[in-house]
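Residue numbers (my numbering): 60 to 198.
Put into structure tokens, the structure is as follows:
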């Protein structure tokens with residue numbers, strides 16, 4: 060086995076980075092942590108916004124269905140040959156695969172020729188009910 064003779068070449072030392080260049084070379088740990096904190100706050104805000112948007116969509120759907128139920132009840136009262144009885148009454152109606160509670164108030168209008176009917180449909184806990192008031196001939 061032959062041995063190589065030591066090389067007479069000298070190695071060139073690696074260039075040193077000046078302190079001013081070291082700061083420009085990349086981000087410090089503190090800068091990275093601050094950037095990560097800002098990004099996480101933005102991401103959390105977007106997640107919250109998505110939750111609020113989904114909740115609002117469900118609430119809007121429920122209120123719209125309650126209004127549809129109130130209009131259906133109004134049409135039933137308007138097309139019924141017999142006028143509704145004076146006073147309050149309540150009941151349930153099924154629509155959209157869901158049970159809806161309603162309250163009806165019938166009052167006599169001016170000169171007794173007109174009935175004022177108010178139908179109130181409960182849209183669910185924590186939501187404002189759908190209220191519809193209409194007039195109907197007494198006879």
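From the three backbone atoms N, C-alpha and C, an ideal C-beta is built for every residue, glycine too. For clarity, every value in this text was computed on a predicted model and none was experimentally measured.
Handout entry: Element boundaries [beta strand (DSSP E), containing residue 98]
Key = Along the chain shown, read from residue 1 onward, the residue named residue 98 stands at position 39. Residue 98 -> not in any beta strand (DSSP E); alpha helix (DSSP H) instead, spanning 88 to 138.
Practice task
Please list the segments of the beta strand (DSSP E) lying wholly inside the stretch 135 to 196, counting only runs of 3 or more residues, in order along the chain.
Solution key: The qualifying runs are 146 to 154, 157 to 167, 173 to 180, 189 to 196.
Practice task
Check whether the Cβ atoms of residue 176 and residue 130 sit closer than 8 Å, and answer yes or no.
Solution key: If you number the chain shown from 1, residue 176 lands on position 117. If you number the chain shown from 1, residue 130 lands on position 71. The answer is no: Cβ separation not under 8 Å.
Handout entry: Stretch pair the stretch 164 to 174 + the stretch 184 to 198: three plus CB contacts closer than 8 Å
Key = Between the stretch 164 to 174 and the stretch 184 to 198 there are three or more inter-stretch CB-CB distances shorter than 8 Å, so the stretches are counted as touching.
Handout entry: Selected residue, minimal CA-CA separation from residue 192, among 183, 184, 179
Key = Within the chain shown, residue 192 is the residue found at index 133, counting from 1. With distances taken between Cα atoms, residue 192 lies closest to 179.
Handout entry: Cβ contact (3+ pairs, closer than 8 Å) linking the stretch 136 to 151 and the stretch 159 to 166
Key = Taking 8 Å as the limit for Cβ pairs, the verdict is that the stretch 159 to 166 does touch the stretch 136 to 151.
Problem - Own chain, CB closer than 7 Å to residue 121, minus 5 neighbours either side, in chain order - result: Within the chain shown, numbered from 1, the residue matching residue 121 stands at position 62. Taken in chain order, the residues that qualify are 182, 183, 186.
Problem - residue 190, buried or exposed, once every other Cβ within 10 Å from all chains shown has been counted against 16 - result: As a first step, residue 190 is located in the chain shown; it is residue number 131 there, counting from the start. With fewer than 16 other Cβ atoms from the protein chains shown falling within 10 Å of its own Cβ, residue 190 counts as exposed.
Practice task
May I have the straight-line CA-CA distance separating residue 128 from residue 113, to the nearest angstrom?
Solution key: As a first step, residue 128 is located in the chain shown; it is residue number 69 there, counting from the start. As a first step, residue 113 is located in the chain shown; it is residue number 54 there, counting from the start. Near 23 Å, if we compare the C-alpha coordinates of residue 113 and residue 128.
Handout entry: Outcome for residue 124 when other beta-carbon atoms lying within 10 angstroms are tallied against a minimum of 16
Key = Along the chain shown, read from residue 1 onward, the residue named residue 124 stands at position 65. With 16 or more Cβ atoms within 10 Å of its Cβ, residue 124 is classed as buried.
Handout entry: Exposure label - residue 132; buried when at least 16 CB within 10 Å
Key = In the chain shown, residue 132 corresponds to position 73, counting from 1. Buried, by the Cβ-count rule.
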